[in-house]
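Q: Please find one structure pasted underneath; my questions will follow.
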Amino acid sequence: MTTFPRTYKVGNMDCAHCALEVETGVRKLDGVQDVRVDFASGQMILNGDVPYDTLRQRVEALGKTLENPAQPAADSLPKRGGVLGFVDYLLARRETQLALIGGAGIVLTLLASLLFPIDGRVIGAAYTVFMLITVYPIARSGLNTLRINHEFGINLLMTIAAVGAIVIGEYLESATVIFLFAVGEALEGYTADRARHSLRSLLELTPPRAIRLHNGHEETVPVEALHIDDTILVKPGERIPMDGEVLTGTSSANQAPITG
Numbered sequence: 006m007t008t009f010p011r012t013y014k015v016g017n018m019d020c021a022h023c024a025l026e027v028e029t030g031v032r033k034l035d036g037v038q039d040v041r042v043d044f045a046s047g048q049m050i051l052n053g054d055v056p057y058d059t060l061r062q063r064v065e066a067l068g069k070t071l072e073n074p075a076q077p078a079a080d081s082l083p084k085r086g087g088v089l090g091f092v093d094y095l096l097a098r099r100e101t102q103l104a105l106i107g108g109a110g111i112v113l114t115l116l117a118s119l120l121f122p123i124d125g126r127v128i129g130a131a132y133t134v135f136m137l138i139t140v141y142p143i144a145r146s147g148l149n150t151l152r153i154n155h156e157f158g159i160n161l162l163m164t165i166a167a168v169g170a171i172v173i174g175e176y177l178e179s180a181t182v183i184f185l186f187a188v189g190e191a192l193e194g195y196t197a198d199r200a201r202h203s204l205r206s207l208l209e210l211t212p213p214r215a216i217r218l219h220n221g222h223e224e225t226v227p228v229e230a231l232h233i234d235d236t237i238l239v240k241p242g243e244r245i246p247m248d249g250e251v252l253t254g255t256s257s258a259n260q261a262p263i264t265g
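Note that my numbering numbers the sequence shown so that position 11 is 16, with each residue one more than the last.
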């Protein structure tokens, strides 16, 4: 049976290896003929007959999100940039919400241990609870990656390290390390999402059509119809539809959208 490729948007990918994990996990589903996950664009191109719910469950089990192309969601990237945008990003995701709760608990527990004569066992138990809150989505993703892909990923290794620190009595270190890891992963994901958003904005600036010169005549064609060695005409005020070499004429181009 011939199937047409379908494109999905995959979220929560903060590194190229995350894309490989999703690709490996989805490829194991029944009905998948071929799948490619591109980290740079955050897209998955799937050939095969797989129910959307089955596909979504597999992707979410690996700690990522999947957007139905038939029901596109609004752009989840924070409108604000910089530090405020990163804060918005942290507050918008369940995984980082748990990390923020855990981080706040760690700070409060540390302050309480410094200001009040609290039993060390109580302090250790509090650190353990907040570590477990923070590590939950990380451990879940790591264990599912092991179960589905048969791989030891960084999430599982960090989970083992955090639990090991608890076992040897290093409660504060365990909670702090897993919190910093969660925030670091979120920062990497936020940076990647901002880069994808910028690339999409640049692509939207590309005009959909171009004026091609053929045997001395002008013809307007889609940019997809252009071929190597075609000659195109760019009139004053128009956007340049394709890379090339200037053959005749003198002008200037606004490069600010690319160079800033």
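Ideal Cβ positions, reconstructed from N, Cα and C, are used throughout, including at glycine.
#1: When we look at the beta-carbon of Val-112 and count the other beta-carbons within 10 Å, is it buried (16 or more) or exposed?
#2: With three or more C-beta pairs closer than 8 Å as the rule, is the stretch 11–27 touching the stretch 60–69?
#3: Just the C-alpha distance for Leu-116 and Ile-183, rounded to the nearest angstrom, thanks.
#4: Do Ala-187 and Val-140 have their beta-carbon atoms positioned less than 9 Å apart in this structure?
#5: For the pair the stretch 54–68 and the stretch 147–166, tell me if three or more CB-CB distances fall below 8 Å.
#6: In terms of alpha-carbon separation, which member of Val-55, Gly-194 and Ser-206 lies closest to Arg-11?
#7: In the DSSP output, what is Asn-149 paired with across the bridge?
#8: Straight-line CA distance for Arg-244 to Ser-257?
#9: Is it the case that the Cβ atoms of Leu-96 and Leu-105 are separated by a distance below 9 Å?
#10: Considering only the alpha carbon of each residue, which of Thr-236, Gln-260 and Asn-259 lies closest to Gly-249?
#11: Going by C-alpha to C-alpha distance, which of Phe-9, Lys-33, Met-136 and Ser-46 sits closest to Leu-204?
#12: Tell me whether Val-31 sits in a helix, a strand or coil according to DSSP, three-state version.
#13: What is the DSSP secondary structure of Ile-173, counted as helix, strand or coil?
#14: Of the choices Leu-207, Ala-166, Tyr-176 and Ile-216, whose alpha-carbon is the least far from that of His-232?
#15: For the candidate residues Ser-118, Pro-212 and Glu-175, whose alpha-carbon lies nearest to that of Val-239?
#16: Take Ser-179 and list the residues in its own chain whose beta-carbon comes closer than 6 Å to its own, dropping the five residues that flank it on each side.
#17: Check the C-beta distance from Val-37 over to Gly-53 and give it rounded, since I have them as a contact under 8 Å.
#18: Helix, strand or coil for Thr-133 per DSSP?
#19: Rounded to whole angstroms, what is the Cα-Cα separation between Tyr-94 and His-202?
#20: Assuming Thr-101 contacts Ala-200 (C-beta within less than 8 Å), just tell me the rounded distance between them.
#21: Quick one: what's Gly-16 bridged to in DSSP?
#22: Suppose you measure from the CA of Phe-91 to the CA of Leu-60; what does that come to, to the nearest Å?
#23: Leaving out five residues before and five after Gly-30 in sequence, what residues of the same chain have Cβ atoms less than 7 Å from its Cβ?
#24: Please state whether DSSP places His-222 in a helix, a strand or coil.
A: Straight from the coordinates:
#1: On the sequence shown, residue 112 is found 107 positions in, with the first residue counted as 1. Its Cβ having fewer than 16 others within 10 Å, Val-112 is exposed.
#2: yes
#3: Position 111 of the sequence shown, counting from 1, holds the residue named residue 116. Position 178 of the sequence shown, counting from 1, holds the residue named residue 183. In a straight line, the C-alpha of Leu-116 is about 19 Å away from that of Ile-183.
#4: The residue you call residue 140 lines up with position 135 of the sequence shown. The residue you call residue 187 lines up with position 182 of the sequence shown. Yes, these two residues count as a Cβ contact at 9 Å.
#5: yes
#6: Position 6 of the sequence shown, counting from 1, holds the residue named residue 11. Answer by Cα proximity: Val-55.
#7: For this step, residue 149 is matched to residue 144 along the sequence shown. For Asn-149, which the question treats as bridged, DSSP gives no partner whatsoever.
#8: For the purposes of this step, residue 244 is identified with residue 239 of the sequence shown, where counting begins at 1. For the purposes of this step, residue 257 is identified with residue 252 of the sequence shown, where counting begins at 1. Using only the alpha carbons, I get a separation of about 12 Å.
#9: The sequence position of residue 96 within the sequence shown is 91, counting from 1. The sequence position of residue 105 within the sequence shown is 100, counting from 1. Result yes, Cβ atoms of Leu-96 and Leu-105 sit closer than 9 Å.
#10: Counting from 1 along the sequence shown, the entry for residue 249 is found at position 244. For Gly-249, the nearest C-alpha among the options comes from Thr-236.
#11: Reading the sequence shown from its first residue, position 199 is the one you call residue 204. Selected option, being the one with the closest Cα: Ser-46.
#12: To locate residue 31, count along the sequence shown from 1; it is residue 26. Residue state, collapsed to three classes: helix.
#13: For the purposes of this step, residue 173 is taken as the residue at position 168 of the sequence shown. Of the three classes helix, strand and coil, the one that applies to Ile-173 here is coil, per DSSP.
#14: Taking the sequence shown and counting its residues from 1, the one referred to as residue 232 is at position 227. Of the listed residues, the one whose Cα sits closest to His-232 is Ile-216.
#15: Position 234 of the sequence shown, counted from the start, is the residue given in the question as residue 239. Comparing Cα-Cα distances from Val-239 to each of Ser-118, Pro-212 and Glu-175, the minimum goes to Pro-212.
#16: Within the sequence shown, the letter at position 174 stands for residue 179. Closer than 6 Å at the Cβ level, and outside the excluded window around Ser-179, lie Met-136, Ala-167, Ala-170 and Ile-171.
#17: Within the sequence shown, numbered from 1, the residue matching residue 37 stands at position 32. Within the sequence shown, numbered from 1, the residue matching residue 53 stands at position 48. 4 Å between Cβ atoms; contact.
#18: For this step, residue 133 is matched to residue 128 along the sequence shown. Here Thr-133 sits in helix by DSSP.
#19: On the sequence shown, position 89 is the one that residue 94 refers to. On the sequence shown, position 197 is the one that residue 202 refers to. Looking at the two C-alpha atoms, the distance is approximately 14 Å.
#20: In the sequence shown, counting from the first residue as 1, residue 101 sits at position 96. In the sequence shown, counting from the first residue as 1, residue 200 sits at position 195. So it is not a contact: roughly 19 Å between Cβ atoms.
#21: Translated into positions along the sequence shown, residue 16 becomes position 11. Answer by DSSP bridge pairing, in chain order: Thr-70.
#22: Along the sequence shown, one-based indexing puts residue 91 at 86. Along the sequence shown, one-based indexing puts residue 60 at 55. Cα to Cα, the separation comes out at about 29 Å.
#23: Here residue 30 refers to the residue found at position 25 of the sequence shown. Arg-63, Leu-67, Ile-153 and Asn-154, listed in sequence order.
#24: Residue numbering aside, residue 222 sits at position 217 when the sequence shown is read from its first letter. The answer is strand: DSSP assigns His-222 an E or B state.
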